[in-house]
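The structure under discussion appears below in the form of C-alpha cells.
Chains as they are written, first to last, in UniProt numbering: chain A, 1 to 184; chain B, 1 to 184.
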C-alpha cells in the first residue's frame with residue numbers, strides 16, 4: 001500500500017460567489033513532485049426521496065442553467081450556514097413541494113464530484129406526506145413544476161433522459177432495490 | 001405547466017483551468033427578473049463497474065484533494081478532447097487498473113451536480129477482465145491503490161464512509177439490485 005496524500009503548499013483564491021468558491025491549490029504529490037488542483041468549494045446539499053401514500057415519488061421539474069436543460073429531479077437544496085441536514089431536508093421538501101412529512105430517515109450521503117468539488121449530498125426518505133397550507137415558498141430565482149411518478153414511470157424517465165442526475169438516479173434505483181427485496 | 005427556461009443575457013468568463021472552466025451567467029428568469037448563475041464547465045467523464053470472474057468489483061483507492069480525504073471509487077476518468085466515451089472507458093480501465101476487458105456495456109449516464117456544473121458521467125460495466133502486461137499507466141499526478149471487493153464488502157465500505165461518492169454508490173446499489181433480481 002503506497003502513501004496517497006497530497007500536501008498543500010499554497011492556495012490561490014480565484015472566485016468567491018453566491019454558491020461556490022474556486023481555488024487552485026499547489027500540492028506536493030506522494031512522489032515529491034509538484035502539481036496543481038482546481039477545487040470548487042460548495043456548502044453541501046440535501047435531497048429527499050419523498051413517497052406519497054400510494055408509493056409515488058415526488059419530483060420537481062426544473063431548468064438547470066449549467067446544463068441548459070430542463071430535467072426532473074427529486075427535491076433538493078443547499079445547506080444554509082450551519083444548518084442541520086435533517087432540518088434542511090424538511091425545509092426544502094416543504095419549500096419546493098408544499099409537503100410536510102410525518103416520517104423522515106437518512107439513507108446515504110455522497111460526494112457528487114470528488115475530482116474537483118467538495119459538494120456532498122445527504123439523501124433522506126420522507127413518508128406520511130401532508131399538504132401544508134401556504135407553504136410553497138421557493139427561492140426568488142427558483143421555478144419548478146411538481147410531478148408525482150411511480151417507480152416504473154421514473155425508470156422510463158431515466159430512459160428518456162428526463163431524469164438525468166446522479167442523486168435522482170440513485171433514488172430511483174433505491175426504490176427498485178426495495179421493491180425487488182420485498183417481492184422475494 | 002409553467003415555462004421554466006432562463007435566457008442568458010451575458011456570460012462572464014472567470015477561470016479557464018486544466019480541468020474546469022468557471023463562468024458567471026446573467027440570466028433572465030421565467031418571470032422576467034434578472035439573476036446570476038455560477039456555472040462550472042467540465043469535459044465529462046466515464047466510470048467503470050469492472051467485475052472479476054469471481055464477481056468482485058474492481059476499485060481504486062485514491063486521495064481526493066477537493067475532499068482532503070482518501071476514498072475508494074470505481075475506476076473513472078475524464079474524456080480527452082472529442083474522445084468516444086466507450087473508448088475512454090476502456091482506456092481508463094486499463095490505465096488505472098491494468099485490466100483489459102472482453103465485454104463492456106453502457107449502463108447509464110448522469111449529471112453529477114446539475115445545480116452548478118455540467119459534468120456528466122457515463123457509467124459502463126466491464127467483464128472478462130484480463131491483465132495487460134506493462135499497462136498500468138497512470139497520469140503523472142495520479143496515485144492509486146487497487147482493490148477488489150465483493151458486493152457485500154462494498155456495502156460495508158459505504159457504511160464506513162470509505163466508499164463515499166455518487167457514481168460508486170450507484171454502482172454498488174446496481175450490483176445489489178442485480179443480485180436481488182437474480183435471487184427471485
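Built from N, CA and C at the ideal position, the CB exists for glycine as well.
(request) Determine the closest residue to residue 121 of chain B out of B:82, B:107, B:53, with distance taken between C-alpha atoms. (result) Numbered from its first residue, the second chain carries residue 121 of chain B at position 121. Checking every option, the nearest Cα to that of residue 121 of chain B belongs to B:107.
(message) Taking the alpha helix (DSSP H) that residue 90 of chain A belongs to, which residues open and close that run?
(response) Working through the first chain from its first residue, we reach residue 90 of chain A at position 90. Here the alpha helix (DSSP H) through residue 90 of chain A covers 85 to 97.
(request) Closer than 8 angstroms by C-beta to residue 29 of chain A: which residues in its own chain qualify, once you throw out the five before and the five after it? Chain order, please. (result) Taking the first chain and counting its residues from 1, one reaches residue 29 of chain A at position 29. Excluding sequence neighbours, residue 29 of chain A sits near 6, 35.
(request) Would you identify the three-state DSSP class for residue 169 of chain B, choosing helix, strand or coil? (result) Position 169 of the second chain holds residue 169 of chain B. It is helical.
(message) So, with DSSP's three-state summary, where would you put residue 156 of chain B?
(response) Locating residue 156 of chain B in the second chain gives position 156, where the first residue counts as 1. Helix, per DSSP.
(request) Grab the span of the beta strand (DSSP E) containing residue 47 of chain B for me, first residue to last. (result) Here residue 47 of chain B refers to the residue found at position 47 when the second chain is read from its first residue. Element bounds for residue 47 of chain B: 45 to 50.
(message) Tell me the DSSP secondary structure of residue 67 of chain A in three-state form.
(response) The residue given as residue 67 of chain A occupies position 67 in the first chain. The answer is coil: DSSP assigns residue 67 of chain A none of H, G, I, E or B.
(message) Using C-beta distances below 6 angstroms, list every residue in its chain close to residue 164 of chain B, excluding the 5 sequence neighbours before and after it, in chain order.
(response) To locate residue 164 of chain B, count along the second chain from 1; it is residue 164. So the qualifying residues of the chain are 71.
(message) Going by DSSP in three states, residue 147 of chain B sits in which element: helix, strand or coil?
(response) Along the second chain, one-based indexing puts residue 147 of chain B at 147. It is a strand residue.
(request) On the DSSP bridge assignment, give the partners of residue 34 of chain A in chain order. (result) One-based indexing of the first chain puts residue 34 of chain A at position 34. Per DSSP, A:28.
(message) Between residue 24 of chain B and chain A, is the shortest Cβ-Cβ distance under 8 angstroms, so that the two count as touching?
(response) Within the second chain, the letter at position 24 stands for residue 24 of chain B. Answer yes: the Cβ-Cβ gap between residue 24 of chain B and chain A drops below 8 angstroms somewhere.
(request) Could you work out which residue in A:178, A:168, A:181 is closest to residue 58 of chain A when comparing CA atoms only? (result) For the purposes of this step, residue 58 of chain A is taken as residue 58 along the first chain, with counting starting at 1. It is A:168.
(message) So residue 172 of chain A and residue 144 of chain A are supposed to be a Cβ contact under 8 angstroms. How far apart are they, rounded?
(response) Mapped onto the first chain, residue 172 of chain A falls at position 172. Mapped onto the first chain, residue 144 of chain A falls at position 144. The pair is not a contact, with the Cβ atoms about 18 angstroms apart (cut-off 8 angstroms).
(request) Please name the residue in B:56, B:16, B:62, B:54 whose C-alpha comes closest to that of residue 42 of chain B. (result) Residue mapping note: residue 42 of chain B aligns to position 42 of the second chain, counting from 1. Looking at the Cα atoms, B:16 is the closest of the given residues.
(request) Specify the secondary structure class of residue 164 of chain B as computed by DSSP and reduced to three states. (result) By one-based count along the second chain, residue 164 of chain B stands at place 164. It is coil, neither helix nor strand.
(message) Can you check whether the C-beta of residue 6 of chain A is within less than 8 angstroms of a C-beta belonging to chain B?
(response) Numbered from its first residue, the first chain carries residue 6 of chain A at position 6. Closer than 8 angstroms to some Cβ of chain B, the Cβ of residue 6 of chain A qualifies, so yes.
(request) Compute the beta-carbon to beta-carbon distance between residue 25 of chain B and residue 69 of chain A, rounded to the nearest angstrom, for a pair I have assumed lies under 8 angstroms. (result) For the purposes of this step, residue 25 of chain B is identified with residue 25 of the second chain, where counting begins at 1. For the purposes of this step, residue 69 of chain A is identified with residue 69 of the first chain, where counting begins at 1. With a Cβ gap of about 14 angstroms, residue 25 of chain B and residue 69 of chain A do not count as contacting.
(message) Distance cutoff 8 angstroms, beta carbons only. Does residue 112 of chain B sit that close to anything in chain A?
(response) In the second chain, counting from the first residue as 1, residue 112 of chain B sits at position 112. True, the Cβ-Cβ gap to chain A drops below 8 angstroms.
(message) What are the residues in the segment 159 to 175 of chain A lying within 9 angstroms of chain B by C-beta distance?
(response) 161, 163, 164, 165, 166, 167, 168, 169, 170, 173, 174
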